[in-house]
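Enquirer:
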Amino acid sequence: MSPARTLPLDVSKLRTEFPVLSRAMRGKRLAYLDSGATSLKPRSVLEAERAYYEQLSSNIHRGVYEFSERATILYDEARTKAAGLINAAAAREVIFTRGTTESINLVGYSWGRKFLKPGDEILTSEFEHHSNIVVWQEVAKATGAVLRFFPLLPHAEGLDPEQLETAFSERTRIVAITGMSNVTGYKPPLRRIAELAHERGAVVLVDGAQMACHEPVDVQALDIDFLAFSAHKMCGPTGIGVLYGRESLLEAMDPFLYGGDMIERVWKDRSTYAQLPEKFEAGTPHIAGAIGFGAACDFVQGVGLEAIAAHERELLDYCLARTRARDDITVYGGINTDDRGGIFSFNFADVHAHDVGMILDSHGVAVRAGFHCAQPLMRVFGVAGTTRASFYMYTDRSDIDALFDGLDAVRKIFL
Amino acid sequence: MSPARTLPLDVSKLRTEFPVLSRAMRGKRLAYLDSGATSLKPRSVLEAERAYYEQLSSNIHRGVYEFSERATILYDEARTKAAGLINAAAAREVIFTRGTTESINLVGYSWGRKFLKPGDEILTSEFEHHSNIVVWQEVAKATGAVLRFFPLLPHAEGLDPEQLETAFSERTRIVAITGMSNVTGYKPPLRRIAELAHERGAVVLVDGAQMACHEPVDVQALDIDFLAFSAHKMCGPTGIGVLYGRESLLEAMDPFLYGGDMIERVWKDRSTYAQLPEKFEAGTPHIAGAIGFGAACDFVQGVGLEAIAAHERELLDYCLARTRARDDITVYGGINTDDRGGIFSFNFADVHAHDVGMILDSHGVAVRAGFHCAQPLMRVFGVAGTTRASFYMYTDRSDIDALFDGLDAVRKIFL
Amino acid sequence: MNLGDDLYKEIILDNYKAKKYRRRMDDADISREGANPSCGDDIELFVRLNGDRIEEVTYDGAGCSICLASANMLCTALTGRTLGEARALFDQVRSMLTDADVPDFPEYAADLEAMQGVKAFPVRVKCAMLAWSTLKQVVDEHSLSAG
Amino acid sequence: MNLGDDLYKEIILDNYKAKKYRRRMDDADISREGANPSCGDDIELFVRLNGDRIEEVTYDGAGCSICLASANMLCTALTGRTLGEARALFDQVRSMLTDADVPDFPEYAADLEAMQGVKAFPVRVKCAMLAWSTLKQVVDEHSLSAG
Ligand SMILES: Cc1ncc(COP(=O)(O)O)c(C=O)c1O
Ligand SMILES: Cc1ncc(COP(=O)(O)O)c(C=O)c1O
Chain A
1 MSPARTLPLD
11 VSKLRTEFPV
21 LSRAMRGKRL
31 AYLDSGATSL
41 KPRSVLEAER
51 AYYEQLSSNI
61 HRGVYEFSER
71 ATILYDEART
81 KAAGLINAAA
91 AREVIFTRGT
101 TESINLVGYS
111 WGRKFLKPGD
121 EILTSEFEHH
131 SNIVVWQEVA
141 KATGAVLRFF
151 PLLPHAEGLD
161 PEQLETAFSE
171 RTRIVAITGM
181 SNVTGYKPPL
191 RRIAELAHER
201 GAVVLVDGAQ
211 MACHEPVDVQ
221 ALDIDFLAFS
231 AHKMCGPTGI
241 GVLYGRESLL
251 EAMDPFLYGG
261 DMIERVWKDR
271 STYAQLPEKF
281 EAGTPHIAGA
291 IGFGAACDFV
301 QGVGLEAIAA
311 HERELLDYCL
321 ARTRARDDIT
331 VYGGINTDDR
341 GGIFSFNFAD
351 VHAHDVGMIL
361 DSHGVAVRAG
371 FHCAQPLMRV
381 FGVAGTTRAS
391 FYMYTDRSDI
401 DALFDGLDAV
411 RKIFL
Chain B
416 MSPARTLPLD
426 VSKLRTEFPV
436 LSRAMRGKRL
446 AYLDSGATSL
456 KPRSVLEAER
466 AYYEQLSSNI
476 HRGVYEFSER
486 ATILYDEART
496 KAAGLINAAA
506 AREVIFTRGT
516 TESINLVGYS
526 WGRKFLKPGD
536 EILTSEFEHH
546 SNIVVWQEVA
556 KATGAVLRFF
566 PLLPHAEGLD
576 PEQLETAFSE
586 RTRIVAITGM
596 SNVTGYKPPL
606 RRIAELAHER
616 GAVVLVDGAQ
626 MACHEPVDVQ
636 ALDIDFLAFS
646 AHKMCGPTGI
656 GVLYGRESLL
666 EAMDPFLYGG
676 DMIERVWKDR
686 STYAQLPEKF
696 EAGTPHIAGA
706 IGFGAACDFV
716 QGVGLEAIAA
726 HERELLDYCL
736 ARTRARDDIT
746 VYGGINTDDR
756 GGIFSFNFAD
766 VHAHDVGMIL
776 DSHGVAVRAG
786 FHCAQPLMRV
796 FGVAGTTRAS
806 FYMYTDRSDI
816 DALFDGLDAV
826 RKIFL
Chain C
831 MNLGDDLYKE
841 IILDNYKAKK
851 YRRRMDDADI
861 SREGANPSCG
871 DDIELFVRLN
881 GDRIEEVTYD
891 GAGCSICLAS
901 ANMLCTALTG
911 RTLGEARALF
921 DQVRSMLTDA
931 DVPDFPEYAA
941 DLEAMQGVKA
951 FPVRVKCAML
961 AWSTLKQVVD
971 EHSLSAG
Chain D
978 MNLGDDLYKE
988 IILDNYKAKK
998 YRRRMDDADI
1008 SREGANPSCG
1018 DDIELFVRLN
1028 GDRIEEVTYD
1038 GAGCSICLAS
1048 ANMLCTALTG
1058 RTLGEARALF
1068 DQVRSMLTDA
1078 DVPDFPEYAA
1088 DLEAMQGVKA
1098 FPVRVKCAML
1108 AWSTLKQVVD
1118 EHSLSAG
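In structure tokens:
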């Protein structure tokens, strides 16, 4: 596809930052091609979490002693870093959650169930991960709203641009759309979707699980209303993620979880609630996770998001180029990589994805096999599952070469 | 109070397991008396989390490669350990959440909003942490159910045993009660409450945030229906906790968060849901946290829960004994420590708790000052807040002595 | 060859590729679907009985090689066997895939030994068990309704 | 003496213990509650105006020494001052508690310098600011309704 160009990342240097990459799997060099499921973690993130546990280990908020104060400052700084990462207008627009899934559920409960009326429309797509579809099915059930889908291009290479606008109706109240498909890496035209939505008074929620920290994201430039993402997919710890929300919307919503830290005053029979962002953060948060997440924001920005995106595209182009010569591989997603991130989904002849995955495993290659939490998209493709290789900043050509060597082994066994 | 008896814990050896305890605060030996807010973490828990990140770093479920399989096994083992810790009948009765607050909210949304009808009664107490009261205020608002409170003994030394039974009515559907007050350490008679509740067909939810891992807890012996607790208060990581639920109840409830991993099949317009425990665990869980939590279960059980409880009671008795001679300290909670855990709440003359806390801080003593997420109880006491010292296995007499030395400094400054 | 490749023994691949029993049955007495939603295996088992004896058993559906090879082995072994024998074989397969020991299979089911390598891959055990669990449900239900 | 004890200087303790301005005012032109719900500080400010001039200002409520001392200093400094002076002093107090420099307070407000140590304790800054933020709201509202 693209001519060999110098990679802007010093990948081999970067790789030394990730402890797992020095390990062997099944006795082979590890080719970690499952970053779409979760990314590996750089040392600096693990150090940040460890420093909190070993040096402070205190709860935040209302602590009157030094260690609690310092933990509070680190926690607040993490929020500021997350806000900076996506260019939120204010740190209080960043709510810490467990991850993308909880973030979307929060909007489902606190915005969806409050504001949607019978006959209102939720516009989504078959590219969605289950988190961004099942939530809305349930909101629809609870409110009487209706789920609508953007029409797709043939072979699900993308949303049909010709039918983007007609997918909206005057009853469209929210668009719940992925920023990047976790199956094909397809990236919908978010800016245009937000424009169409806002012209009609609808809000836009973007599932950014695959997008955040694989490319620069600017919520103000995109003009989107909600963005959900998970730290664990962007070099951060497990158990923490973000819901970005436009301040006016977050203000209008009801709280989601109730309890300590999100209240202002509590009587026996009633309570008043705190300001943003505390309003949406009941209970002791994942303090270590937030601090590690802050370190992850620093790390990915230090590496450079433009460079990461270019690197992944380069790898995808390389994959597609290696595939083109063969007739035993079916690739999902368009071959134009302008609107695709670093995800390569395929099937190998008629061999089941689990068999492919398992043989790759025995060659040290870690891929995901199955329906990738995207059963509706599998139905569009007419398959039970695919094998998926997904990339990140530390992925290199040897990983891809190992994948294709592994596929040769599959061929030998099955064909 | 109690005669000096040999402590069954080797506290000074135990203390070496907790990295933070080797640090100074404000240039003084750290006297960490804020375990009620969050406990310190032993090395083994940090190692378990680190090992996951450095050696596996993979997502669980459906991974067809070695590292993912091994992470899955560790995650499942953590659930089994948690189930063992509280003697749950089956591991699938253990749901991983972010912590106590999310656990209680889960019951509020999935049980409360589904099953409560107008006029039904929720029985709770003024001892509750905001998490176990605000949730029920909102459930009451949403369903038309009514919040009732157990009558208290004078000075809020406990629930009034004479009025325990009459607090129930034929409309009582759920009792939401703390296992141990985070303000006074008071422990309600859970076994008896469960008996009274079950006679009337009501279910019992226990907020175990302060109880779990400060004493042995057996959900089957207590015969309670739900138990909520947080790992971070019992030597475990932040961002992870448990909802234990009786299987039949969990089965009858609707899911709470929707998304990946909690589904069985997803179509564009509808879905079916997974079995327990996955039904309640949407999205990528806090894998590292669960694994660290498993290590925490091992750690506290290794130390011995009986011994921890006896140790904390010894410390509380020592505090109360040191207080008895003075007229400048007002203590909250009964002086009989049979039904109290290791929490010592007080006010020092008319000095504001924040001033007390801040002067203690400057002497290396970490306490909590304020209303402790328990405003209704503060109203019962007629105070704006208290200063709270709370203990754990690693707390020793020097910590208590440092507290009282610090109070002498408060006296010098303010009186 | 290594651990993973090794699992794909001739016997498994032969059973996977064999289509002898892979078809729907119109005159089945009992048919039952079984699925591992988490990995997408999805099969249907068809059984024709003569009293207590399995006259014919076939399967259809989609799944990985382990799942389909296991289903094929099931049909090969149990055609003409009694429900009691089916139940006993289910127990043996399960214990092979979850316990330490490889059971002493009856001669008509000797191929099943080839499946023992699956035990080393916990996520695949469900695949190997699917046809068997489905059969177990058929047998249990039949005994209930018959009994 | 160390950092923490040090904060509790004579001036702060004197202002905390002084009750001169700690009372409700029945004929106030404006009164306003201010609270830090997260730490329980809860005060009410009472202001009597004469045109643009603060004739009298008092406070009541509950709070820590920092909060109440700060309220008392406010009353001491602003009695007889104009709303413009009040606004200017608010800016100076805020910058002392959040920025690096200690401002050059007018002589009538020189005591306020004693508060600069609070900056080292982020959680207490809110306590020191409470009376001042409440006053700022009073002033802003008055200008709005007056103007
Ligand atoms: C009695 C009690 N309940 C609930 C909670 C809330 O726990 P978490 O903040 O971990 O959700 C706490 C801790 O603050 C507590 O002490
Ligand atoms: C596109 C997309 N959305 C949502 C999710 C869910 O993220 P999490 O599991 O971290 O909640 C994922 C990850 O699996 C994803 O790829």
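In order, the protein sequence lines correspond to chains A, B, C and D.
Mapping of the first sequence onto this note's numbering: position 123 corresponds to residue 123, and the numbering continues sequentially without gaps.
This note's numbering runs 415 ahead of the 1-based position in the second sequence.
This note's numbering runs 830 ahead of the 1-based position in the third sequence.
This note's numbering runs 977 ahead of the 1-based position in the fourth sequence.
Using N, Cα and C, we set each Cβ at its ideal position, and we do this for glycine too.
Please read these numbers as outputs of a predicted model, since none were measured by experiment.
Taking Cβ to Cβ, would you say A/His-372 is nearer than 8 angstroms to A/Val-206?
Expert: Cβ distance not < 8 angstroms, so A/His-372 and A/Val-206 don't count as in contact.
Enquirer: Strictly under 8 angstroms for the Cβ-Cβ distance: is A/Ser-2 near chain D by that measure?
Expert: In this prediction, A/Ser-2 has a pLDDT of 41, which is less than 50 and means its spatial position is unreliable; nothing more can be read from the coordinates.
Enquirer: Within its chain, find whatever has a CB closer than 7 angstroms to the CB of B/Arg-485; leave out the 5 residues flanking it on each side and keep chain order.
Expert: Contacts found: Leu-471.
Enquirer: Determine contact between the region 245-263 of chain A and the region 88-98 of chain A, defined as no fewer than three beta-carbon pairs at a distance below 8 angstroms.
Expert: The region 245-263 of chain A, when compared against the region 88-98 of chain A, does touch it at the 8 angstroms Cβ threshold.
Enquirer: From the DSSP secondary-structure annotation, give me the bridge partner or partners of B/Arg-794.
Expert: According to DSSP, which records beta bridges pairwise, B/Arg-794 is partnered with nothing at all.
Enquirer: Short of 8 angstroms Cβ to Cβ, which residues in the region 467-478 of chain B face chain C?
Expert: The residues in question are His-476, Arg-477 and Gly-478.
Enquirer: Tell me the DSSP secondary structure of D/Val-1102 in three-state form.
Expert: D/Val-1102 falls in the helix class under three-state DSSP.
Enquirer: So what does DSSP say about B/Gly-821, is it helix, strand or coil?
Expert: B/Gly-821 falls in the helix class under three-state DSSP.
Enquirer: Report all residues from its chain with a CB closer than 8 angstroms to the CB of B/Glu-666; omit the five preceding and five following residues, and keep chain order.
Expert: Within the same chain, B/Glu-666 has close Cβ partners Leu-691.
Enquirer: Any C-beta of chain A within less than 9 angstroms: which residues of the region 1092-1119 of chain D qualify?
Expert: From the region 1092-1119 of chain D, only Phe-1098, Pro-1099, Val-1100 and Arg-1101 have a Cβ closer than 9 angstroms to chain A.
Enquirer: Would you decide whether C/Asp-836 is buried or exposed? Buried here means 16 or more other CB atoms lie within 10 Å of its CB.
Expert: By the 10 Å Cβ count, C/Asp-836 comes out exposed.
Enquirer: Locate the alpha helix (DSSP H) running through B/Val-681, then write down its first and last residues.
Expert: No alpha helix (DSSP H) holds B/Val-681; the beta strand (DSSP E) holding it covers 678-681.
Enquirer: Which residues, in chain order, does the region 1001-1013 of chain D contribute to contact with chain B at a C-beta distance below 9 angstroms?
Expert: Listed in sequence order: no entries.
Enquirer: Give the single residue among B/Arg-607, B/Met-649, B/Gly-651 and B/Ala-643 whose Cα lies nearest to the Cα of B/Ala-636.
Expert: Selected option, being the one with the closest Cα: B/Arg-607.
Enquirer: Considering only heavy atoms of ligand 1, does any lie closer than 7 angstroms to the CB of A/Arg-155?
Expert: The sequence shown places His at residue 155 of chain A, not Arg. No, ligand 1 has no heavy atom inside 7 angstroms of this Cβ.
Enquirer: Counting C-beta neighbours from all protein chains within 10 Å, is the total for B/Lys-694 16 or more, i.e. buried, or is it exposed?
Expert: Buried, because 16 or more other Cβ atoms sit within 10 Å of the Cβ of B/Lys-694.
Enquirer: With distances taken from CA atoms, which of A/Gly-63, A/Gly-144 and A/Arg-50 is nearest A/Thr-284?
Expert: Selected option, being the one with the closest Cα: A/Gly-63.
Enquirer: Counting contacts by CB-CB distance shorter than 8 angstroms, is A/Ala-349 in contact with chain B?
Expert: Chain B, which has no Cβ nearer than 8 angstroms to the Cβ of A/Ala-349, makes this no.
Enquirer: Taking the alpha helix (DSSP H) that D/Asn-992 belongs to, which residues open and close that run?
Expert: Start and end: 987-994.
Enquirer: Given this structure, state the Cα-to-Cα distance separating C/His-972 from B/Gln-578, to the nearest angstrom.
Expert: Rounded to whole angstroms, C/His-972 to B/Gln-578 spans 55 angstroms at the Cα level.
Enquirer: In its own chain, which residues sit with a C-beta less than 6 angstroms from the C-beta of B/Arg-420, not counting the 5 before and 5 after it?
Expert: For B/Arg-420, the predicted structure reports a pLDDT of 42, less than 50, and the residue's modelled location is therefore unreliable. A value from the coordinates is still provided. Nothing listed; no residue qualifies.
Enquirer: Looking at the secondary structure, which residues open and close the alpha helix (DSSP H) in which B/Ile-488 lies?
Expert: 481-500 is the span of the alpha helix (DSSP H), which, as asked, contains B/Ile-488.
Enquirer: Report buried or exposed for A/Pro-161, applying the criterion of at least 16 other Cβ atoms within 10 angstroms of its Cβ.
Expert: Counting Cβ neighbours within 10 Å, A/Pro-161 comes out exposed, since fewer than 16 surround it.
Enquirer: A/Asp-339 and A/Tyr-186 look like a contact to me (Cβ under 8 angstroms); what is the Cβ gap, rounded to whole Å?
Expert: The Cβ separation is near 6 angstroms, so the contact holds.
Enquirer: Is the Cβ of C/Ser-868 closer than 8 angstroms to any Cβ of chain B?
Expert: So, interface residue.
Enquirer: Consider the Cβ of C/Ala-892: report whether some Cβ of chain A lies at a distance smaller than 8 angstroms.
Expert: Yes, C/Ala-892 counts as interfacial toward chain A.
Enquirer: Does the Cβ of A/Ala-228 lie closer than 7 angstroms to at least one heavy atom of ligand 1?
Expert: Checking every heavy atom of ligand 1 against the Cβ of A/Ala-228, none is found closer than 7 angstroms.
Enquirer: Say whether chain C places a C-beta atom closer than 8 angstroms to the C-beta of B/Tyr-673.
Expert: So, not an interface residue.
Enquirer: Can the beta-carbon of B/Leu-531 be found closer than 8 angstroms to that of B/Tyr-809?
Expert: Not in contact: B/Leu-531 and B/Tyr-809 (Cβ atoms no closer than 8 angstroms).
Enquirer: Using only CA atoms, which one of B/Gly-717, B/Leu-445 and B/Ile-706 lies nearest to B/Pro-631?
Expert: Considering only alpha carbons, the answer is B/Gly-717.
Enquirer: Applying the criterion that 16 or more other CB atoms from any shown protein chain within 10 Å of the CB defines a buried residue, is A/Trp-267 buried or exposed?
Expert: Per the 10 Å Cβ criterion, exposed.
Enquirer: Identify the continuous alpha helix (DSSP H) that holds D/Val-1079 and give its terminal residues.
Expert: Run containing D/Val-1079: none; DSSP gives neither H nor E here.
Enquirer: Any heavy atom of ligand 2 closer than 7 angstroms to the CB of A/Asn-182?
Expert: Flag set: Cβ of A/Asn-182 near ligand 2.
Enquirer: Please report the distance separating the alpha-carbon of C/Tyr-838 from that of C/Gln-946.
Expert: Going by the C-alpha atoms only, they are around 11 angstroms apart.
Enquirer: Assuming contact is defined by CB atoms lying nearer than 8 angstroms, are B/Gly-514 and B/His-647 in contact in what I supplied?
Expert: Yes, the pair counts as a contact, with Cβ atoms nearer than the cut-off.
Enquirer: For A/Ser-271, which three-state DSSP category applies?
Expert: The answer is strand: DSSP assigns A/Ser-271 an E or B state.
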